[in-house]
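Undergrad:
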Amino acid sequence: MPKVSQSAAELPNSFALLLGYLNFSAGAFDVSAWKSINSLYAEFEPITANGEIVERSDTVDNVADALREALKRLHQTDPAFRDVGQAEGVLRIVFDNVLPAYRAFHSDLLEHQAIGAMERPFFLMAVFQAVLETGGPWEGQDNVLVEKTLRKINDYMGWRPVAVLENDQLSEPYSHERVRPLPIYRSGVGAAHGHFSRLVDQAIQILSEAPKELLQQADFELDLLTELSVDPRAFDFLHPAASRPNYLFGLWDPMCIDERGYYRRLVIQQATLEGILSWSAEAQPGVPVEELQQESAAVLAGVMLMASGLSGRGPGAVQSGLALADLLPRIAAYRDNFYRWLITRLPDNHRHRLEKEAQSLQQ
818 MPKVSQSAAE LPNSFALLLG YLNFSAGAFD VSAWKSINSL YAEFEPITAN GEIVERSDTV
878 DNVADALREA LKRLHQTDPA FRDVGQAEGV LRIVFDNVLP AYRAFHSDLL EHQAIGAMER
938 PFFLMAVFQA VLETGGPWEG QDNVLVEKTL RKINDYMGWR PVAVLENDQL SEPYSHERVR
998 PLPIYRSGVG AAHGHFSRLV DQAIQILSEA PKELLQQADF ELDLLTELSV DPRAFDFLHP
1058 AASRPNYLFG LWDPMCIDER GYYRRLVIQQ ATLEGILSWS AEAQPGVPVE ELQQESAAVL
1118 AGVMLMASGL SGRGPGAVQS GLALADLLPR IAAYRDNFYR WLITRLPDNH RHRLEKEAQS
1178 LQQ
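Here this note's numbering runs 817 ahead of the position in the sequence shown, where the first position is 1.
1. Would valine 880 and leucine 857 qualify as a contact pair, given that the criterion is a beta-carbon distance under 8 Å?
2. Indicate the three-state DSSP secondary structure (helix, strand or coil) for alanine 1140 in the structure shown.
3. Beta-carbon separation of leucine 1090 and glutamine 1101 under 8 Å?
4. According to DSSP, is aspartate 913 part of a helix, a strand, or is it coil?
5. With H, G and I counted as helix, E and B as strand and the rest as coil, what does DSSP make of glutamine 1086?
6. Check whether the segment 844-859 touches the segment 928-946, counting contact only when three or more Cβ pairs, one atom from each stretch, lie closer than 8 Å.
7. What's the gap between the Cα of arginine 1157 and the Cα of glutamine 1111?
8. If you draw a straight line from the C-alpha of phenylalanine 1155 to the C-alpha of valine 911, how long is it?
9. Report the partner residues of proline 1000 according to the DSSP bridge assignment.
10. Among the residues of its own chain, which have a CB less than 7 Å from the CB of aspartate 959, if the five just before and after it don't count?
11. Are leucine 1016 and leucine 1039 close, meaning C-beta to C-beta below 8 Å?
12. Within a Cβ cutoff of 8 Å, which residues of the same chain sit near glutamate 1172, ignoring the five residues on either side of it in sequence?
13. Can you tell which of Phe846, Asn830, Phe841 and Gly837 has its C-alpha closest to the C-alpha of glutamate 1044?
14. If you compare alpha carbons, which of Gly844, Lys852 and Ala843 is closest to leucine 834?
15. Determine the DSSP secondary structure at tryptophan 1096, reduced to helix, strand or coil.
16. Measure how close the beta-carbons of alanine 943 and arginine 995 come, nearest whole angstrom, since I'm counting them as under 8 Å.
17. Kindly list the residues whose CB is nearer than 7 Å to the CB of aspartate 1018, restricted to its own chain and excluding five residues on each side of it in sequence; keep chain order.
18. Going by the DSSP bridge assignment, what does glycine 1067 pair with across the sheet?
Spelled out as structure tokens, the structure:
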């Protein structure tokens, strides 16, 4: 565990920025705070020599201890932190109450998630924001704050068929089915520190360089992507939701809409993302790992475009009124156009290998 310095001047800037946010903010999004939590996680999960990040189950506990110790030092040495009541309350409520309560609330739905797998940097920031938005008092009402915070962060249902009762009224979705998707990218911040970091960064880079006319075919605009998240729920092929075309790839969150009527949060299935990541993790004789990583990123970028193409950028998009028989050929066509464009940008050796594979596999 990194040593927390004895004076405010010696503390890493990430500590002061994040603790300042927790002590003085009312929960508004802050780029510096989100970047700071990424830096803190990197202290405990350094990037290896080959560029990999190994996630640890105890990182969230180490981060909690480091923040508490840093807050004590700032309180002793920095006049701006003379009153640290809010930060102390937020740290206690989040680490001692909300995170355990979240796992208990979803003990059935998310029992497959290993300890530490959900408690990643951007998820932690989403919880911090929810607690700050809920507001104090920070003493004596922890249970009330936890209950309100859980209602706030469990904000995603996705596409779920709902039973129609005999009186023709729709039933309410099961409340424990609502979750907080795990953010792996945030606009203005970048990818969350973790084993998806490089994959996500490369995919976003590809989309940023793609011709606008290609992205328009998917009704996708990178500037509208505020958050890319992972659905932490287990993928059940027998669940009625899985019958939806392209459900395996992901979807725009239909409830996360800005004032202009555009979707802002894209949610990818975890099974899909893990499968994409495994492609570059499995060494292939004679193939540079950098090429496999680039291919994985290309697939993720393509998946994001296919997910976007099913609904379009908002409820008023043309796609929302098209029949599936018309939508699916359009999606397949722009997917192929996207990969054809991408192949033309590759170095000769890489491009020739993929062209040879495509010919042999008839793809």
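The beta-carbon is built from N, C-alpha and C at its ideal position, and this holds for glycine as well.
TA: Straight from the coordinates:
1. For this step, residue 880 is matched to residue 63 along the sequence shown. For this step, residue 857 is matched to residue 40 along the sequence shown. Judged by their CB atoms, valine 880 and leucine 857 are nearer to each other than the 8 Å cut-off.
2. Here the question's residue 1140 lines up with position 323 in the sequence shown. Coil at alanine 1140, not helix or strand.
3. If you number the sequence shown from 1, residue 1090 lands on position 273. If you number the sequence shown from 1, residue 1101 lands on position 284. A distance of 8 Å or more separates the beta carbons of leucine 1090 and glutamine 1101.
4. On the sequence shown, residue 913 is found 96 positions in, with the first residue counted as 1. DSSP places aspartate 913 within a helical segment (H, G or I) once states are collapsed to three.
5. As a position in the sequence shown, residue 1086 is number 269, starting the count at 1. Per DSSP, reduced to three states, the secondary structure at glutamine 1086 is strand.
6. Contact between the segment 844-859 and the segment 928-946 is present, with at least three C-beta pairs closer than 8 Å.
7. If you number the sequence shown from 1, residue 1157 lands on position 340. If you number the sequence shown from 1, residue 1111 lands on position 294. Distance between the alpha carbons of arginine 1157 and glutamine 1111 is about 15 Å.
8. Counting from 1 along the sequence shown, the entry for residue 1155 is found at position 338. Counting from 1 along the sequence shown, the entry for residue 911 is found at position 94. About 43 Å.
9. On the sequence shown, residue 1000 is found 183 positions in, with the first residue counted as 1. Ser1046, per the DSSP bridge assignment.
10. Position 142 of the sequence shown, counted from the start, is the residue given in the question as residue 959. The answer, listed in chain order, is Ile910 and Asn914.
11. On the sequence shown, residue 1016 is found 199 positions in, with the first residue counted as 1. On the sequence shown, residue 1039 is found 222 positions in, with the first residue counted as 1. No, the pair does not count as a contact, with Cβ atoms beyond the cut-off.
12. Against the sequence shown, residue 1172 aligns to sequence position 355. So the list reads Ile1160, once near-sequence residues are dropped.
13. Stepping through the sequence shown from its first residue, residue 1044 is reached at position 227. Per the Cα distances, Phe846.
14. For the purposes of this step, residue 834 is taken as residue 17 along the sequence shown, with counting starting at 1. The residue with the shortest Cα to Cα distance from leucine 834 is Lys852.
15. Numbered from 1 along the sequence shown, position 279 holds the residue referred to as residue 1096. Three-state result, tryptophan 1096: helix.
16. By one-based count along the sequence shown, residue 943 stands at place 126. By one-based count along the sequence shown, residue 995 stands at place 178. So it is not a contact: roughly 14 Å between Cβ atoms.
17. Position 201 of the sequence shown, counted from the first residue, corresponds to residue 1018. Result list for aspartate 1018: Gly1007 and Ala1008, in chain order.
18. Locating residue 1067 in the sequence shown gives position 250, where the first residue counts as 1. Bridge pairing for glycine 1067: Ile1085 [DSSP].
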